[in-house]
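Protein chains in written order, with full-length UniProt numbering: chain A, 1 to 181; chain B, 1 to 981; chain C, 1 to 89. For every residue, glycine included, the Cβ atom is placed at its ideal position computed from N, Cα and C.
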Amino acid sequence: MAELIAKSPCDGLLPATIGGMSLTEEHPGAMWAIAPFNGQLKVLGKALEAAHGMAFPAPNRATGKAGSRAVWFGRDMALLMGPAPDAGLAKHAALTDQSDAWAVVRLEGQGAEDVLARLVPVDLRPQVFKRGHTARTELKHMMASVTRTGPQSFQIMVFRSMAKTLVHDLKTAMEAVAARG
Amino acid sequence: MRLPGKGLNQGAKPITFAFNGRHMMGLEGDTLAAALLANDVHLVGRSFKYHRPRGVLTAGSEEPNALVTIGTGGQQDPNVRATQQELFEGLEARSQNCWPSVERDVMAVNDLAAPFFGAGFYYKTFMWPAAFWEKVYEPMIRNAAGLGALSGEADQDRYEKAFAFCDVLVIGSGPAGLMAALTAGRAGADVILCEEDSRMGGRLLAEREEIGGKPGHEWAAEVLAELEAMDNVRLMTRTAVTGAYDQGTYGALERVSHHLPRRHSLKSSHLPRECFWRIAAKHAVLAAGAIERPVAFRNNDRPGIMMAGAVRAYLNRWGVAPGERVTVFANNDQAHRTARDLHDAGVHIAAVIDSRHEAPDGGPYQVIKGAQVCGSAGRQRVESITVRSVKGEEKIQTDCLAMSGGWNPSVHLTCHLNSRPVWNREALAFVPSVGAVPGMVTAGACNGIFSTAGALREGAEAAGKVLEALDLKPAAADLPEAEDDPYRIAALWAVPGKGRAWLDFQNDVTVKDVKQAATENFRSVEHMKRYTTQGMATDQGKNSNVAALAVLADATGRTIPETGTTTFRPPFVPVSIGAMGAGATDEGFKPQRFLTSHGESHTRGAHQLEVGLWYRAAYFPKQGETNWRQSCDREVTTVRKAVGICDVSTLGKIDIQGPDAGKFLDFLYTNTFSTLKVGKVRYGLMLREDGFVMDDGTTARLGENHFVMTTTTAAAGQVMAHMEFVSQALYPEWDVRFTSVTEQWAQFAVAGPKSRQLLDGLLDDDVNGETWPFMGCGEATVLGVKGRLFRISFSGEHAYEVAVPARYGESLYRELLKRAEAMGGGAYGMEALNVLRIEKGLITHAEINGTVTAFDLGLQGMMSKKKDFLGKAMAAREGLMAEDRMRMVGLKPAGAAKEITAGAHLFTPGDPVERIYDQGYVTSAGYSPALGLPIGLAFLKEGPDRIGETVRLVDHMRGVDTLCEVVSPVFFDPEGDRARG
Amino acid sequence: MRITCPLCGERDRREFYYKGAALVRPAEGADLDAWHEYVNLRENPAGPLDELWYHEMGCNSWLKVTRDTATHEILAVQLASEAGLGGEK
Ligand SMILES: [Zn+2]
């Protein structure tokens with residue numbers, strides 16, 4: 001019997017290294033949207049803590065750590081990245097599999113903020129946008145999720161179908177920043 | 001002429017450059033203007049209208065005259081201000097608006113015809129006969145108009161856009177700006193300091209006045225060193241703030257590589273030529289300085305006649321004396337510094353002419369008080385001036401006249417949010433009105449405070465105000481000691497007399513033009529401006545508007561404040577279209593969305609169609625097929641006879657969950673979904689609040705509280721926003737959550753009589769009429785992967801849509817094609833999909849065009865009477881259900897020309913083909929291989945009642961005029977047995 | 001122009017989609033005049049106006065933004081879910 005072969009969104013597009021910065025595809029594992037039902041936020045928070053060891057993130061924040069993270073994903077929603085959600089959470093929230101819906105990349109290195117300043121209309125400087133901060137915003141006309149994962153590293157997500165444009169736009173900005181020295 | 005030992009660029013590297021083909025030497029740090037003056041080149045270009053010889057007037061971005069062209073072809077930049085362009089090795093610049101050369105310009109004949117070209121010339125001359133407008137006048141005007149020209153070739157440069165954020169944006173780096181940045185920076189505020197020049201310091205680089213006992217430029221260097229060391233301060237040189245916008249947003253143009261040889265900014269290189277910044281600032285300190293204004297007198301536009309402040313800048317900053325025998329003409333004390341500085345540098349001062357009787361004496365040179373310069377003479381450079389005083393007229397030999405009519409504060413940015421500046425009688429200038437731009441404080445010369453000490457004080461005070469608002473404490477202020485001379489000035493706008501006295505140098509507007517406008521009753525400043533074109537050139541009248549206003553005030557017997565001002569609008573300096581649209585070329589124009597099947601369909605040579613942002617396969621040409629119709633017909637037939645595979649992942653898919661999900665859908669759709677059984681799919685229709693159709697699609701019930709909705713590709717975003725609105729704004733109490741899963745699933749239509757056979761062995765479970773009845777849905781394991789199966793049809797055939805997580809999309813697509821091809825089927829694209837649905841009378845957004853109702857579509861039966869739904873009240877309006885509305889029908893050819901085209905209009909045969917006889921229009925058309933005919937869907941007045949009638953189809957665009965038969969919109973398998981069976 | 005989203009904070013205007021006046025929806029069964037007013041009639045004041053903005057490129061919240069149409073000053077921002085726009089039910 002034939003077998004289906006999995007392909008990641010940025011397959012064949014990455015990695016790239018430009019001017020001391022690197023752009024790599026992340027493979028975060030499962031990604032599930034968790035949207036608490038009316039009045040369920042507190043109970044859900046406890047259940048999430050119990051099942052996955054992290055709090056339900058407040059707006060503009062991410063909880064957990066690399067490999068198992070909950071990223072605030074907009075109004076009434078978090079994205080659990082890493083583990084598949086415990087079935088018990090379904091009592092308190094709508095759970096929706098989005099593992100294949102987003103291209104996830106990591107931009108890292110000196111100048112990463114300058115690169116994003118060319119694409120994202122949000123203040124991402126370290127004194128304002130700290131580790132564990134996240135933003136739902138746009139990246140050059142694409143709906144995006146941007147999370148700081150380290151002093152010079154960001155996790156960036158756009159819809160899977162736009163992976164090529166994401167890589168193109170990021171690389172173009174990286175080249176321009178690198179050229180300025 | 002370069003003066004050894006003078007200027008701030010001592011020991012700078014020599015640079016070779018060329019002007020109009022002539023090679024010359026300059027110094028690193030020179031502007032092109034400085035280098036030209038150092039080489040005694042005064043004639044730089046020709047004026048716009050009269051082609052008069054013009055030279056360098058200023059030393060900044062306000063320059064109206066010294067505009068040059070740099071580069072050729074796709075690298076050609078016209079209208080580059082020589083006063084801003086930095087010199088680089090190999091720079092080649094050319095004069096503009098002259099032919100064959102700047103010295104011998106044929107069009108200079110215009111100057112002799114000047115009496116014909118006065119104010120309102122265009123309006124008066126090019127009126128009659130009307131037949132001449134397009135053929136004669138327009139080409140003539142276009143040929144003569146404009147300064148520099150574009151090459152007409154594609155721009156080869158790279159540009160960029162960027163965002164920046166700060167607590168305090170300081171605009172300008174003169175004494176006020178530096179002091180403000182220093183005060184704010186020391187207090188810990190996040191500061192961005194923008195300076196349009198390549199070097200920070202403003203007038204401190206051009207003056208010899210001291211600060212704290214040392215030269216101003218040294219003080220500036222020390223402050224800059226301190227600022228540079230602060231993490232919270234960002235210094236941006238070559239960056240002009242171009243506009244002030246709402247909520248503290250500022251636009252700024254950074255000239256990133258204009259100062260480098262061209263190769264650095266080409267697309268093949270990576271450095272942008274310019275960067276357009278959007279700066280979001282909590283507060284701003286405007287310390288933009290002031291612009292010196294000329295005095296209008298006869299022939300005041302001759303090369304060698306310059307602004308007094310600019311002459312000081314060339315001398316003190318670049319070590320260049322613009323003349324050997326200089327005269328100064330002023331109405332204020334400050335301009336006397338020009339004579340002083342030149343004299344100290346060993347340049348001969350022929351005379352200082354001051355219009356005031358109480359003018360200061362100055363140094364060991366002649367000061368003629370209470371006198372005016374009333375004319376100049378010379379060929380391509382000033383050779384002498386005529387001075388008029390109580391003693392009569394006197395001619396003075398001079399090769400450079402430094403003039404000053406006072407200073408205009410740079411209030412531009414304070415006007416961008418519609419505030420008007422106010423007239424200050426002491427400073428004889430417009431100053432910003434308080435609170436003109438929320439969050440902006442003004443300081444220094446742009447505020448009408450012209451002394452260095454005043455600027456420092458105001459800069460510190462402005463920062464103090466901002467810091468207070470930011471809840472930060474300024475460090476104890478220690479203002480250094482500095483020049484605090486009073487600004488003594490007496491009004492002098494235009495010297496009376498015959499001949500042409502120039503106001504707007506770039507647009508060639510004279511005092512006489514403004515007076516004539518007033519005579520012809522264009523008394524409003526806005527009318528005068530447009531009638532004379534005063535201030536409408538690329539410099540926007542930076543150094544001439546106020547004088548023109550004063551002349552108009554005088555001519556109309558009003559005061560200046562009574563006369564008013566024109567409005568300053570962004571941008572403060574010209575911004576190239578390339579910078580505005582940075583990044584939006586080629587692949588950067590808009591995001592591209594690719595299907596998981598894209599690679600495979602591309603490999604198969606499929607022609608791609610852009611559908612919104614998506615790229616979808618239009619058709620798959622096979623060997624021997626020479627046009628798209630052949631491929632399309634074959635694909636349609638394949639689906640009807642065997643099986644076809646089509647990627648339908650672009651349709652919007654919305655996952656809906658929650659106890660109130662059914663209730664929510666009942667409200668969104670005209671028909672009922674809460675009664676839909678788990679495991680079934682239903683077609684639904686959505687209206688807008690005004691009762692017209694918004695979208696259609698199928699929704700599947702996967703569980704008691706779990707639905708998946710499908711929207712059209714076109715309306716996916718709109719439907720999502722609509723659902724969010726209903727859920728958040730109208731029914732927040734309903735417990736329902738939804739999110740787009742369009743990208744999660746790769747979904748393929750498997751359509752045709754052999755579709756069930758194809759799925760056999762692909763799915764773990766058996767596929768039969770029991771397990772997967774028509775409109776059935778559910779989870780299915782596809783080659784071991786958890787997916788979903790929907791038995792729905794958009795082709796009228798027995799069909800399925802099979803979905804798997806997108807990572808498997810490409811793999812599944814290949815497998816489906818392999819299986820289809822093995823049974824005589826294959827891929828089909830958008831063209832075939834379209835024909836298949838037209839044959840079935842199924843609608844898309846070609847039909848749902850915003851003006852159609854459920855009634856027009858024959859779907860009035862879908863509007864439930866038992867429940868409320870969005871749009872119900874307005875859809876019930878009489879007019880939306882009227883029999884004579886244009887309603888959907890099918891069309892078949894009935895004339896000799898068998899052609900049906902989308903967009904064609906329909907008429908009753910015999911009626912004139914005129915708008916008022918219009919009976920309807922065609923929305924979709926295609927060739928049906930099954931019928932062997934072109935077919936179409938159309939909206940026709942009383943359509944369904946006219947089945948069997950003949951209508952006339954007229955398409956003016958494509959030259960089609962034929963007859964059609966009105967038929968049912970379902971052309972193929974009207975009973976629908978094929979899909980159900 | 002910048003709008004402060006109650007969830008995301010201050011954001012550039014480009015992240016938002018504008019819909020028009022924020023009005024209270026008539027109740028089910030309201031007469032056609034009420035619907036006509038809701039769907040078609042607008043005040044268009046030169047001054048404060050309640051408007052609907054959608055944080056489309058951000059958190060997906062619909063907002064009721066009170067904005068002075070003459071000065072562009074934003075006087076208040078509220079989540080549409082808390083603005084009572086659904087009317088009587
Ligand atoms: Zn938001």
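Residue i vs residue j beta-carbon contact at 8 Å
i, j, result
"C/K64", "C/A83", "yes"
"B/R317", "B/L205", "yes"
"B/D594", "A/S153", "Sequence check: residue 594 of chain B is Phe here, not Asp. No, these two residues do not count as a Cβ contact at 8 Å."
"B/G304", "B/G323", "yes"
"B/A455", "B/G444", "yes"
"B/F939", "B/R887", "yes"
"C/I3", "C/R13", "yes"
Contact test: residue i Cβ vs ligand 2 heavy atom, cutoff 7 Å
i, result
"C/L7", "With respect to ligand 2, the structure shown offers nothing to examine, as its ligands consist of ligand 1."
Interface partners of residue i on chain C, CB under 7 Å
i, result
"B/E689", "V39"
Three-state class that DSSP yields for residue i in the structure shown
i, result
"residue 982 of chain B", "There is no way to answer for residue 982 of chain B, as the model of chain B reaches only from 1 to 981."
"B/P432", "coil"
"B/I916", "helix"
"A/Q98", "coil"
"B/N79", "strand"
"B/A494", "strand"
"B/Y137", "helix"
"B/V390", "coil"
"B/R616", "strand"
"B/P934", "strand"
"C/Y18", "strand"
"B/Q96", "coil"
"B/G644", "strand"
"B/C275", "strand"
Closer than 8 Å at the beta carbon, the chain A residues around residue i
i, result
"B/L595", "S161"
"C/G9", "N60"
"C/D33", "None at all; the shortest Cβ gap to chain A is about 34 Å."
"B/S384", "Residues of chain A passing the Cβ test: none, with the nearest at roughly 50 Å."
"B/H270", "E175, A176, A178, A179"
Cross-chain neighbours of residue i in chain B, by beta carbon under 8 Å
i, result
"A/H141", "K590, P591"
"C/R2", "D246, Q247, G248, T249, A280"
Residue i: contacting residues in chain B (beta-carbon distance under 9 Å)
i, result
"A/K77", "According to the sequence shown, residue 77 of chain A is Met rather than Lys. Correct list: R737, T739."
"A/A35", "Q657, G658, R737, F738, T739"
"C/A30", "A873"
Neighbouring residues, chain A, relative to residue i (Cβ below 7 Å)
i, result
"B/Q161", "Correcting the residue identity first, residue 161 of chain B is Lys in this sequence and not Gln. Under the 7 Å cutoff, chain A gives R118."
- Query: What residues from the segment 45-67 of chain C come within 7 Å of chain A, judged by C-beta to C-beta, listed N to C?
  - Reply: M57, G58, C59, N60, S61: these are the residues of the segment 45-67 of chain C whose beta carbon lies less than 7 Å from some beta carbon of chain A, given in chain order.
- Message: Taking contact to mean 3 or more Cβ pairs, one atom from each stretch, closer than 8 Å, check whether the segment 544-552 of chain B and the segment 158-171 of chain B are in contact.
- Response: Cβ pair count under 8 Å is below three, so no.
- contact_flag[the segment 35-47 of chain B, the segment 16-25 of chain B] where n(CB pairs < 8 Å) is 3 or more: The segment 35-47 of chain B is in contact with the segment 16-25 of chain B.
- Tell me, please, whether the segment 259-277 of chain B touches the segment 448-468 of chain B by the rule of three or more beta-carbon pairs shorter than 8 Å. Flag = no, the segment 259-277 of chain B and the segment 448-468 of chain B do not touch.
- Query: Closer than 9 Å, Cβ to any Cβ of chain C: which residues of the segment 239-253 of chain B, in chain order?
  - Reply: Residues of the segment 239-253 of chain B with a C-beta atom less than 9 Å from some C-beta of chain C are Y245, D246, Q247, G248, T249, listed in chain order.
- Task: Note down, in chain order, all residues in the segment 14-28 of chain C with a beta-carbon under 8 Å from any beta-carbon belonging to chain A.
- Result: Cβ contacts with chain A come from R14, E15.
- Would you call the segment 720-737 of chain B and the segment 777-795 of chain B touching, i.e. three or more CB-CB distances under 8 Å? A contact between stretches requires three or more CB pairs, one per stretch, nearer than 8 Å, and the segment 720-737 of chain B fails this requirement with the segment 777-795 of chain B.
- Item | chain A contacts made by the segment 732-749 of chain B, where a contact means CB separation under 7 Å | The segment 732-749 of chain B vs chain A, Cβ under 7 Å: D735, R737, T739, V741, E743, Q744.
- Using a Cβ-Cβ cut-off of less than 9 Å, give me the residues of the segment 859-886 of chain B that come near chain C, in sequence order. The residues in question are D868, K872, A873, M874, A876, R877.
- Message: Using a Cβ-Cβ cutoff of 8 Å, what residues of the segment 115-129 of chain A are near chain B? List them in chain order.
- Response: The residues in question are A117, R118, V120, P121, V122, D123, R125, Q127, V128.
- Message: So if I threshold CB-CB distances at 9 Å, which residues from the segment 141-158 of chain A count as touching chain C?
- Response: Within the segment 141-158 of chain A, contact with chain C at the beta-carbon level (separation under 9 Å) is assigned to H141, M142, M143, A144.
- Query: If you pair each beta-carbon of the segment 79-91 of chain A with each one of the segment 29-43 of chain A, do three or more pairs fall below 8 Å?
  - Reply: The segment 79-91 of chain A is in contact with the segment 29-43 of chain A.
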